[in-house]
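Below you'll find the structure, written out as structure tokens, and then a few comments.
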Amino acid sequence: MDIETFLDALGTAWRFARAHEDAVTIAVGGALVLAALVAMKRADRKTGRPDRVLRRWLGLAILGFSAEGMWEVASEDLNLARGLALIFFAIGDVAIICEMITAEKSRLGSIKQRKHLRAVWTIATILGAIVACSADTPVEIPLRFVLPLLAVWVWKLGLQELGENEVVERDENALTWMIGPWLRQRVIALGLAKPGKADLETIDRAQLIDRLTRLRFRLWKAGRDGKTALVTKLTARWHRLTLDADDAMLAEVAERVQRTLVAEARTRPLTAEQVDQLAATERAAAEAIAAAEQAAANAVAAAADTERQRDAAVADLARQLDEAIAAMERQQHDAEAAAAEQRRQAERQQQAIAAAVAAAEEAERQRQADVRQAAAEAAGLRRQIERQQQDAAAAAERQQRAVAAAEAARREDAAAAQRLVAELRQAAEAAAADRREAVAEAGRQAERQVAEMRRLLDDARGESAARGAQVDQLRAELAEARTRPARRTSAEETAARVAEYREEHPTATQEATAKALRLGVRTVRTYWSAAELAEAAR
Numbered sequence: 001m002d003i004e005t006f007l008d009a010l011g012t013a014w015r016f017a018r019a020h021e022d023a024v025t026i027a028v029g030g031a032l033v034l035a036a037l038v039a040m041k042r043a044d045r046k047t048g049r050p051d052r053v054l055r056r057w058l059g060l061a062i063l064g065f066s067a068e069g070m071w072e073v074a075s076e077d078l079n080l081a082r083g084l085a086l087i088f089f090a091i092g093d094v095a096i097i098c099e100m101i102t103a104e105k106s107r108l109g110s111i112k113q114r115k116h117l118r119a120v121w122t123i124a125t126i127l128g129a130i131v132a133c134s135a136d137t138p139v140e141i142p143l144r145f146v147l148p149l150l151a152v153w154v155w156k157l158g159l160q161e162l163g164e165n166e167v168v169e170r171d172e173n174a175l176t177w178m179i180g181p182w183l184r185q186r187v188i189a190l191g192l193a194k195p196g197k198a199d200l201e202t203i204d205r206a207q208l209i210d211r212l213t214r215l216r217f218r219l220w221k222a223g224r225d226g227k228t229a230l231v232t233k234l235t236a237r238w239h240r241l242t243l244d245a246d247d248a249m250l251a252e253v254a255e256r257v258q259r260t261l262v263a264e265a266r267t268r269p270l271t272a273e274q275v276d277q278l279a280a281t282e283r284a285a286a287e288a289i290a291a292a293e294q295a296a297a298n299a300v301a302a303a304a305d306t307e308r309q310r311d312a313a314v315a316d317l318a319r320q321l322d323e324a325i326a327a328m329e330r331q332q333h334d335a336e337a338a339a340a341e342q343r344r345q346a347e348r349q350q351q352a353i354a355a356a357v358a359a360a361e362e363a364e365r366q367r368q369a370d371v372r373q374a375a376a377e378a379a380g381l382r383r384q385i386e387r388q389q390q391d392a393a394a395a396a397e398r399q400q401r402a403v404a405a406a407e408a409a410r411r412e413d414a415a416a417a418q419r420l421v422a423e424l425r426q427a428a429e430a431a432a433a434d435r436r437e438a439v440a441e442a443g444r445q446a447e448r449q450v451a452e453m454r455r456l457l458d459d460a461r462g463e464s465a466a467r468g469a470q471v472d473q474l475r476a477e478l479a480e481a482r483t484r485p486a487r488r489t490s491a492e493e494t495a496a497r498v499a500e501y502r503e504e505h506p507t508a509t510q511e512a513t514a515k516a517l518r519l520g521v522r523t524v525r526t527y528w529s530a531a532e533l534a535e536a537a538r
């Protein structure tokens, strides 16, 4: 079958489809829907994502509608032959599909991906514009224009869901479309674009720095040329622009202007005078180099002389060092002999110290034995004090019984008797406490004396006779403390004073007694009542 036969058959089929448009449309639509359902079912069974298949079928359907418009443009508007019309109507769809496939396959190689994505959008826009030209009604124009873009948009969303459409790198040769800051602000304010890394603030800042740099250079040039009016005008403009600049921007402007002026000074051609000065400078430099070479030769000769002198000095110094080393060896030998003698003396001193330490340890053992004996005697003294406390408690108990008998006889003095019993108990406890304090004081005094003896033992290391005397003195003091009668407490002394004053002054009152003895009235009253109760008990 040749191409003409195929085109004739295709034309016959097209005329049949136009003649039976409704039936053919329903049949083709039903077949497409059935095929889409089958494909979705298989995709759901295999991948669980039937939306991908449906998205592809939707794109093919939209591109088929666009292909129909391209056929009408080629066959009716352009009046092309059937072969050319067949090629023309498939150009746009084939180009879009090829770019889509290339973009999907190159999604991991992100350098090429953006170029193919841009090509897909460009072809879809051109295809929509061409297809819109074949529209029969005004409503059909935007519909035919938008449908190819819709197909590309749906495909792009599917690509975004895979997370593979993000461009990691950017082609170095790719173009960058730049628009002014004013237009960028309006587009972003309308929500038609979003600022990227180089946002509005960065662009405005860079443009302001460029404007300030150019203005400052013009101001410097006008001042150099003596243009006063232009300097005034540019200064006013400079003041207006610097209101929006910060210190960093002004510093960058100053650096740029300074770099420009330095570059101009470095690349400026030399005049004849400067050339002559440069030649003179070169001649002076050559003469200075020659003088430096002569000075270097002289320095080498001087260095040779210095080297010879240094060798002689080194030899002399070596001889002196040998003599010094010999003297040091003799001194070291003498020092070693003296050190040996000192070591022998130290050993003898250590032996003497060891003997003294042994004697001190023996004295310490004797002292510890004395301390243990003193502790035993102190324990006996404490037991004696405890017996005295028991006797005092028994006496207090007898006094309590006497007070109880007196209370039965005299109910009106019950409160006074109770206070007296409490006072007597406190007096007994105070007496016991005084005795314990006396024993504790004796023990502390003994401990202090023992500590003093230890210190004297450590310091003197030989005065054992003195420590023995101190131990004997401690024993005497302990014996004296043991035989010393227990002193009366302050309460007993106060009671005795009150009783003696009553015996000496039978007619004296309690107030007079308190005044004479310089005591409180309540204290005198307490001991007065106790004395009366004691007399009544007797």
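Per UniProt numbering, the very first residue in the sequence shown carries number 1; after that it's consecutive. Think of the CB as a built atom: it goes at the ideal place given N, C-alpha and C, for glycine as much as any other residue. Note that the structure is predicted; figures quoted are calculated from it, not measured.
Cutoff 7 Å; reference residue i; Cβ partners in own chain excluding five residues on either side
{"i": "Ser75", "result": "Ala85"}
{"i": "Ala67", "result": "Phe89, Ala90, Asp93"}
{"i": "Arg256", "result": "Thr213"}
{"i": "Arg497", "result": "Leu517"}
{"i": "Ile123", "result": "Gly92, Ala95, Ile96, Glu99"}
{"i": "Ala103", "result": "Gln113, His116, Leu117, Val120"}
Contacts around residue i, its chain only, beta-carbon distance under 8 Å, and the 5 residues preceding and following it disregarded
{"i": "Leu241", "result": "Leu208, Arg211, Leu212, Leu215"}
{"i": "Phe6", "result": "none"}
{"i": "Leu219", "result": "Val231, Leu234, Thr235, Trp238"}
{"i": "Asn173", "result": "A caution first: Asn173 carries a pLDDT of 42, below 50, which makes its placement in the model unreliable, though a value can still be read off. Excluding positions up to five away in sequence, the list is empty."}
{"i": "residue 593", "result": "No information on residue 593 is available, as it lies outside the stretch 1 to 538 that the chain covers here."}
{"i": "Ala508", "result": "Tyr501, Arg502, Ala516"}
{"i": "Arg205", "result": "Met249"}
{"i": "Val300", "result": "none"}
Through-space distance from residue j to residue i, alpha-carbon basis
{"i": "Asp136", "j": "Gly59", "result": "23 Å"}
{"i": "residue 539", "j": "Ala248", "result": "Any answer about residue 539 is impossible in this case: the structure gives the chain only from 1 up to 538."}
{"i": "His20", "j": "Val146", "result": "28 Å"}
{"i": "Ala265", "j": "Ala129", "result": "58 Å"}
{"i": "Gly83", "j": "Trp71", "result": "11 Å"}
{"i": "Arg319", "j": "Ala313", "result": "10 Å"}
{"i": "Glu447", "j": "Gln342", "result": "42 Å"}
{"i": "Trp528", "j": "Lys515", "result": "14 Å"}
{"i": "Arg387", "j": "Ala495", "result": "23 Å"}
{"i": "Pro142", "j": "Ile87", "result": "25 Å"}
{"i": "His505", "j": "Glu493", "result": "18 Å"}
{"i": "Arg259", "j": "Ala285", "result": "30 Å"}
{"i": "Leu54", "j": "Leu157", "result": "13 Å"}
{"i": "Gly69", "j": "Leu127", "result": "9 Å"}
{"i": "Leu159", "j": "Ala9", "result": "39 Å"}
{"i": "His116", "j": "Lys227", "result": "56 Å"}
{"i": "Phe65", "j": "Leu80", "result": "20 Å"}
{"i": "Glu347", "j": "Asp370", "result": "34 Å"}
{"i": "Gln373", "j": "Asp458", "result": "22 Å"}
{"i": "Arg310", "j": "Ile353", "result": "59 Å"}
{"i": "Ala394", "j": "Ala402", "result": "12 Å"}
{"i": "Ala327", "j": "Asp334", "result": "11 Å"}
{"i": "Ala296", "j": "Ala302", "result": "10 Å"}
{"i": "Leu519", "j": "Arg383", "result": "36 Å"}
{"i": "Glu164", "j": "Lys105", "result": "Summary for Glu164: the model assigns pLDDT 44, below 50, so the residue's position carries little reliability, and this model does not support an answer."}
{"i": "Leu456", "j": "Ala363", "result": "11 Å"}
Endpoints, the alpha helix (DSSP H) within which residue i is located
{"i": "Lys105", "result": "82-105"}
{"i": "Thr235", "result": "228-242"}
{"i": "Thr507", "result": "Run containing Thr507: none; DSSP gives neither H nor E here."}
{"i": "Arg268", "result": "Unbroken run through Arg268: none, as it is neither H nor E."}
Cβ-Cβ separation, residue j to residue i (assumed contact under 8 Å), whole Å
{"i": "Leu63", "j": "Ala132", "result": "With 8 Å as the limit, Leu63 and Ala132 do not qualify as a contact, their Cβ atoms being about 15 Å apart."}
{"i": "Ala491", "j": "Leu420", "result": "Ala491 to Leu420, Cβ: 12 Å. No contact."}
{"i": "Thr513", "j": "Glu423", "result": "Not quite, the Cβ-Cβ distance comes to about 17 Å (not below 8 Å), so this is no contact."}
{"i": "Arg436", "j": "Ile385", "result": "7 Å"}
{"i": "Val521", "j": "Glu511", "result": "6 Å"}
Proximal residues to residue i (C-beta, below 6 Å), its chain only, five neighbours per side dropped
{"i": "Ala288", "result": "none"}
{"i": "Gln261", "result": "As written in the sequence, residue 261 is Leu, which differs from the Gln given in the question. Around Leu261: no qualifying Cβ."}
{"i": "Pro148", "result": "Ser66, Ala124, Leu127, Gly128"}
{"i": "Asp391", "result": "none"}
Quiz item: Which residue spans inside the region 110-156 form an unbroken alpha helix (DSSP H) run of at least 4?
Solution: Those alpha helix (DSSP H) runs which fall completely within the region 110-156 and span 4+ residues are 110-132.
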